[in-house]
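Asks:
In our numbering, the protein residues as written are 357 to 686.
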């Protein structure tokens with residue numbers, strides 16, 4: 357009869373099976389040995405090398421250049437702030453060559469290039485108001501013109517606010533008038549190179565009137581002043597802020613970044629100190645002009661604004677401001 361072995365009973369291995377099983381490595385050991393061998397034989401990948409470092413705009417443009425040439429790379433930002441481009445070592449020369457070629461064909465341009473100085477007569481329509489009013493005052497055509505228009509601090513605080521406007525059109529003598537006309541012509545000419553005067557002059561006139569009011573509010577005594585110098589200093593302050601806003605964002609160094617403001621402040625101190633000078637009026641006028649420098653849009657300052665029909669409205673508003681002031685004075 358055949359003998360059947362129950363499946364629940366294991367067959368005891370023979371001595372030959374035991375010897376062959378011990379001599380052959382297991383599948384797990386084989387896989388482990390294989391992976392360790394593969395890791396030991398795999399060559400070490402060299403780290404990426406840095407080929408460029410700079411601001412966001414520079415790195416963005418250089419990255420587009422590398423992408424157009426099919427050069428793979430990565431962009432990181434260092435702890436100090438600038439962006440960096442890394443490529444594989446074998447692509448270093450090609451990447452650097454393409455970047456140098458790009459900068460050679462596209463040299464960097466200043467965001468705020470210096471403007472060529474040209475002679476212009478645009479400031480004359482602004483200076484016409486103080487010229488005409490001062491000549492009327494000197495000719496004695498209106499006897500009470502000087503007393504009615506001068507900025508008297510006590511009278512301004514009592515409600516005669518129009519004196520803050522009319523005082524800008526009067527001068528003590530011909531020397532006073534000439535100095536304000538020369539400095540005003542130069543300051544307005546520089547401002548005209550950046551933006552049409554009609555777009556800012558009405559705001560500068562209002563700012564100068566506000567500066568005269570703060571002078572009266574500060575002194576609160578029988579302090580009397582007159583002259584167009586407050587308007588001139590407001591123009592200098594406005595021009596300083598405009599140049600500051602047009603400085604490139606990549607400009608490094610605190611002194612270089614604030615050079616327009618420091619230069620304007622030095623010029624204001626140089627022009628504002630003198631015999632019988634209204635120092636407070638110059639200071640407040642300069643500060644008020646700084647605020648006016650934020651009125652135009654940066655896009656308008658950078659690309660320019662053509663003369664439009666609406667500029668006539670601003671010219672009329674400038675003349676109307678002084679006309680209303682003198683109408684109330686008389």
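Quick reminder that beta carbons are idealized off the backbone N, C-alpha and C, glycines included.
1. By a C-beta neighbour count over all protein chains shown, 10 Å radius and 16 as the cutoff for buried, is residue 462 buried or exposed?
2. Can you list, in chain order, the residues of its chain with a C-beta nearer than 7 Å to that of residue 554? Leave out the 5 residues immediately preceding and following it.
3. Please classify residue 396: does DSSP put it in a helix, a strand, or coil?
4. Beta-carbon separation of residue 523 and residue 645 under 8 Å?
5. Could you pull out every residue in the same chain whose Cβ sits closer than 7 Å to the Cβ of residue 422, ignoring the five residues on either side in sequence?
6. Is the Cβ-Cβ distance between residue 685 and residue 518 less than 8 Å?
7. Helix, strand or coil: which one does DSSP assign to residue 495?
8. So, under 8 Å CB-CB, residue 513 and residue 572 are touching, yes? Tell me the CB distance rounded to an integer number of Å.
9. Residue 674: buried (16+ other C-beta within 10 angstroms of its C-beta) or exposed?
10. Just to confirm the assignment, what range does the alpha helix (DSSP H) spanning residue 628 have?
11. Since residue 430 is in the beta strand (DSSP E), which residue starts that stretch and which ends it?
12. Relative to the alpha-carbon of residue 425, which residue among 488, 458, 532 and 560 has its alpha-carbon at the smallest distance?
13. Any idea what DSSP makes of residue 405, helix, strand or coil?
14. Tell me, to the nearest whole angstrom, how far the beta carbon of residue 484 is from that of residue 552; I am working on the premise that it is less than 8 Å.
15. Using a Cβ-Cβ cut-off of 8 Å (strictly less than) and excluding sequence neighbours within five positions of residue 433, which residues of its own chain qualify?
16. Report the rounded CA-to-CA distance for residue 404 versus residue 413, giving the unit in angstroms.
17. Compute the beta-carbon to beta-carbon distance between residue 493 and residue 526, rounded to the nearest angstrom, for a pair I have assumed lies under 8 Å.
18. How many whole angstroms separate the CB atoms of residue 629 and residue 596, which I take to be in contact at a CB cut-off of 8 Å?
19. Please classify residue 639 as buried or exposed, where buried requires at least 16 neighbouring CB atoms within 10 angstroms.
20. For residue 622, which option in 604, 613, 642 and 497 has the closest C-alpha, if you only look at C-alpha atoms?
Replies: With the given structure in hand:
1. Under this definition residue 462 is an exposed residue.
2. 667, 670 and 671
3. Summary for residue 396: the model assigns pLDDT 48, below 50, so the residue's position carries little reliability, and this model does not support an answer.
4. No. Outside cutoff.
5. For residue 422, the CB contacts under 7 Å within the same chain, skipping 5 residues up- and downstream, are 429, 451 and 454 in chain order.
6. yes
7. In the displayed model, residue 495 falls within coil according to three-state DSSP, outside both helix and strand.
8. 6 Å
9. Flag for residue 674 reads buried.
10. Per DSSP, residue 628 belongs to the alpha helix (DSSP H) from 615 to 628.
11. 430 to 433 is the span of the beta strand (DSSP E), which, as asked, contains residue 430.
12. Taking only the C-alpha atoms, the option nearest residue 425 is 458.
13. strand
14. Incorrect: roughly 17 Å between the Cβ atoms, too far for contact.
15. 439 and 440
16. 22 Å
17. 6 Å
18. Not confirmed; about 18 Å, so no contact.
19. By the neighbour-count rule (16 or more Cβ atoms within 10 Å), residue 639 is buried.
20. 642
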